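Anchor point for the sequence shown: position 242 equals 242 in UniProt numbering, and the numbering is continuous, going up by one each time.
Beta carbons are placed, not taken as given, at the ideal position from N, Cα and C, and that holds for glycine.
Please read all numbers here as calculations on a predicted model, not as lab measurements.
Written below as structure tokens is the structure these notes are about.
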Amino acid sequence: MSRLDYSKWDKLELSDDSDIEVHPNVDKRSFIKWKQEAIHMEREQRKQRIEQLTREKEVHENMLKQVQDMIQMLEKDNGLEAIREHFQQVQLKAQEAGAENITLPGGNKETPTTANLQQIMSSLTVQIDDALKNNSPADVTRQLMGRLNEQEMAVKARLQECTAKLDKEKAEASKKLTSENLMKETSNRTIISSQQEQKLHPLKPAKTKETKKEKVIETLNPNAELKQKPILPVESGESKSVENKNTPNEDEEEEDIMISSVEAQEFSNLKTIKDSAEYVRIHPYMISESVSDEIMGEAFTYQLKGDEKTAKRMVHQALLLQYCASMGKGSNGAAAFFAKLASAPTDPRALNLFTDDVENTYARIKTRCAEINAERENNATEAIQLQPLDESGTIRVNIPEEKDGQLYEAFQALPADFREALKTGELDKINKVLANMDVAQAEELINICDQLGLLQLGTLPEEEQ
């Protein structure tokens with residue numbers, strides 16, 4: 001078992017229970033108080049010296065940069081003219097910024113030493129003009145270059161000295177443990193993440209057309225009065241064929257509501273990993289199993305329709321969310337996962353693993369959808385077909401007339417194409433109409449005809465593939 005490290009407490013300068021010896025005539029508690037006051041005063045003075053040296057260091061660094069810039073200007077062909085223009089620009093910038101007075105090195109924070117920048121620049125310009133009256137521009141340039149080089153060396157020396165003093169004061173301040181250096185503040189503000197408050201925006205469902213249908217038809221019992229029985233769906237207005245080609249079944253209705261949020265819909269349509277990473281970074285709250293399942297379900301929908309390209313993209317996007325969730329909650333896990341994918345040029349293992357998973361998952365979906373479509377085709381071929389009562393191949397059909405009253409009205413409520421087939425009395429035409437109907441609906445329609453006495457059948461109809 002490792003020992004606890006108490007070495008940092010060695011830097012504690014003084015505490016109320018310090019084990020110190022004082023003169024018998026001096027109160028120990030008062031001595032500790034005086035010592036603490038002296039320590040606090042020394043710390044405050046050191047703090048002021050550090051602030052002053054820091055300001056001086058910044059001034060010297062700025063001054064050194066200005067001197068070096070002027071040396072570079074003088075090295076050009078029109079050096080003197082460039083220097084004069086530089087002085088004028090400095091004056092204009094200082095006036096615009098309201099900083100015509102600059103703080104000179106030295107002094108203290110309460111009474112800093114300042115000088116007027118315009119006066120300094122004007123004085124330098126006058127000195128250059130006076131020198132040009134008695135000397136050639138080349139001589140003035142050489143003299144000014146010499147003075148600038150001397151100034152550069154002097155500023156570097158002062159900067160080095162100031163830096164050394166500042167480092168010494170900081171080292172002295174860090175020797176002892178105080179309330180100021182016990183904890184270092186890295187941020188003075190608190191950012192409250194609103195990720196938990198953000199929610200997915202529900203996707204507005206597409207408006208569907210509603211068709212009003214009536215399910216009332218009269219039936220006839222030969223030994224009793226007519227009764228009303230809701231048996232057959234008939235559209236309002238003129239009766240039409242009951243082929244159900246445009247009526248979606250329950251499976252198709254469920255397929256239309258797989259994706260339930262705007263974010264999932266937009267994310268599923270993205271085609272590149274880069275766009276997906278950016279979208280997840282902005283919407284980290286969409287990383288969930290439910291959203292992934294919705295997009296994966298949409299892959300089934302498109303595959304059943306035969307759109308393989310879109311189905312595979314849906315699988316790709318759904319697995320992206322699954323992998324992001326597996327790397328951790330929120331945007332941190334997503335950032336880690338996409339960083340692994342981005343490192344494919346040097347380390348392709350993560351990208352290869354993900355790509356293989358997409359291919360395998362899509363292959364399973366493709367196989368399953370092929371099985372579902374095959375089952376649907378088999379179910380679609382089932383139909384009700386009538387068989388004749390005798391070997392002649394005919395059946396007996398009784399068509400009511402208008403004078404039959406309610407029986408005639410019930411006959412008129414049947415689908416138009418089925419009524420016409422009944423009027424012909426031909427078995428092939430009746431079976432052709434029944435083949436275009438749903439099995440259960442055709443079965444129910446034959447039962448109605450049997451009850452009304454329209455078809456005289458002695459046996460139950462048989463289902464044929």
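Beta-carbon proximity check, residue i vs residue j, cutoff 9 Å
{"i": "Ala264", "j": "Leu203", "result": "yes"}
{"i": "Met296", "j": "Ala325", "result": "no"}
{"i": "Leu321", "j": "Ile287", "result": "yes"}
{"i": "Phe411", "j": "Leu434", "result": "no"}
{"i": "residue 485", "j": "Leu74", "result": "Because residue 485 is not part of the residues shown, which for the chain are 1 to 465, the question remains open."}
{"i": "Leu454", "j": "Val397", "result": "yes"}
{"i": "Val291", "j": "Val358", "result": "no"}
{"i": "Leu386", "j": "Leu427", "result": "yes"}
{"i": "Ile50", "j": "Ala164", "result": "no"}
{"i": "His201", "j": "Val280", "result": "no"}
{"i": "Gly328", "j": "Ala336", "result": "yes"}
{"i": "Ala440", "j": "Ile430", "result": "no"}
{"i": "His60", "j": "Cys162", "result": "yes"}
{"i": "Tyr285", "j": "Lys199", "result": "yes"}
CA-to-CA distance, residue j to residue i, given in whole angstroms
{"i": "Glu36", "j": "Leu159", "result": "A quick correction: the sequence has Gln, not Glu, at residue 36. For Gln36 and Leu159, the distance between alpha carbons rounds to 34 Å."}
{"i": "Lys28", "j": "Lys156", "result": "50 Å"}
{"i": "Asp450", "j": "Glu444", "result": "10 Å"}
{"i": "Ile365", "j": "Phe300", "result": "7 Å"}
{"i": "Asn360", "j": "Glu294", "result": "19 Å"}
{"i": "Lys432", "j": "Ile372", "result": "27 Å"}
{"i": "Phe31", "j": "Asn25", "result": "11 Å"}
{"i": "Lys170", "j": "Arg46", "result": "9 Å"}
{"i": "Ala154", "j": "Lys176", "result": "35 Å"}
{"i": "Ile128", "j": "Leu80", "result": "8 Å"}
{"i": "Met76", "j": "Val67", "result": "According to the sequence displayed, residue 76 carries Lys and not Met. For Lys76 and Val67, the distance between alpha carbons rounds to 15 Å."}
{"i": "Ala416", "j": "Glu298", "result": "39 Å"}
{"i": "Asn447", "j": "Thr272", "result": "58 Å"}
{"i": "Arg313", "j": "Asp307", "result": "10 Å"}
{"i": "residue 466", "j": "Glu58", "result": "In the structure as shown, the chain starts at 1 and stops at 465, and residue 466 therefore has no counterpart that could be examined."}
{"i": "Asn436", "j": "Cys369", "result": "25 Å"}
{"i": "Leu92", "j": "Ala131", "result": "24 Å"}
{"i": "residue 486", "j": "Gly333", "result": "Because the chain here runs from 1 to 465, residue 486 falls outside it and cannot be looked at."}
{"i": "His40", "j": "Lys274", "result": "57 Å"}
{"i": "Gln456", "j": "Glu377", "result": "32 Å"}
{"i": "Glu85", "j": "Glu42", "result": "48 Å"}
{"i": "Ala82", "j": "Arg142", "result": "15 Å"}
{"i": "Lys309", "j": "Tyr362", "result": "10 Å"}
{"i": "Glu21", "j": "Asn62", "result": "51 Å"}
{"i": "Arg349", "j": "Ser276", "result": "20 Å"}
{"i": "Asp69", "j": "Ser122", "result": "19 Å"}
{"i": "Phe354", "j": "Tyr323", "result": "8 Å"}
{"i": "Asp438", "j": "Lys423", "result": "22 Å"}
{"i": "Thr367", "j": "Glu278", "result": "33 Å"}
{"i": "Asn78", "j": "Leu166", "result": "40 Å"}
{"i": "Leu270", "j": "Val90", "result": "53 Å"}
{"i": "Lys71", "j": "Asn134", "result": "In the sequence on display, residue 71 carries Ile and not Lys. Approximately 22 Å between the Cα atoms of the pair."}
{"i": "Asp356", "j": "Ala311", "result": "16 Å"}
DSSP state of residue i mapped onto helix, strand, coil
{"i": "Ile399", "result": "coil"}
{"i": "Pro137", "result": "helix"}
{"i": "Ile448", "result": "helix"}
{"i": "Ile259", "result": "coil"}
{"i": "Leu270", "result": "coil"}
{"i": "Leu159", "result": "helix"}
{"i": "Gln456", "result": "coil"}
{"i": "Pro284", "result": "helix"}
{"i": "Gln151", "result": "helix"}
{"i": "Gly237", "result": "Low confidence applies to Gly237: its pLDDT is 37, below 50, so where it sits in the model is not reliable enough to give any reading."}
{"i": "Gln45", "result": "helix"}
{"i": "Gln387", "result": "coil"}
{"i": "Ile217", "result": "Because the pLDDT of Ile217 is 39, which lies under 50, any placement of that residue in the model is unreliable, and the question is left without a value."}
For residue j and residue i, believed in contact at Cβ under 8 Å, the rounded distance
{"i": "Ile282", "j": "Ser268", "result": "Going by Cβ atoms, the distance from Ile282 to Ser268 rounds to 16 Å, so no, they are not a contact pair."}
{"i": "Ile399", "j": "Ala442", "result": "No, Ile399 and Ala442 are not in contact; Cβ-Cβ is about 20 Å, not under 8 Å."}
**Asked** Taking one C-beta from the region 394-414 and one from the region 341-355 each time, how about it: are there three or more such pairs within less than 8 Å?
**Response** These segments do not touch.
**Request:** Please determine if the region 34-53 and the region 136-150 are in contact, where contact requires at least 3 C-beta pairs separated by less than 8 Å.
**Result:** With a cut-off of 8 Å on Cβ pairs, the region 34-53 is not in contact with the region 136-150, counting fewer than three such pairs.
**Three CB pairs or more closer than 8 Å across the region 130-143 and the region 47-58** = No, the region 130-143 does not touch the region 47-58.
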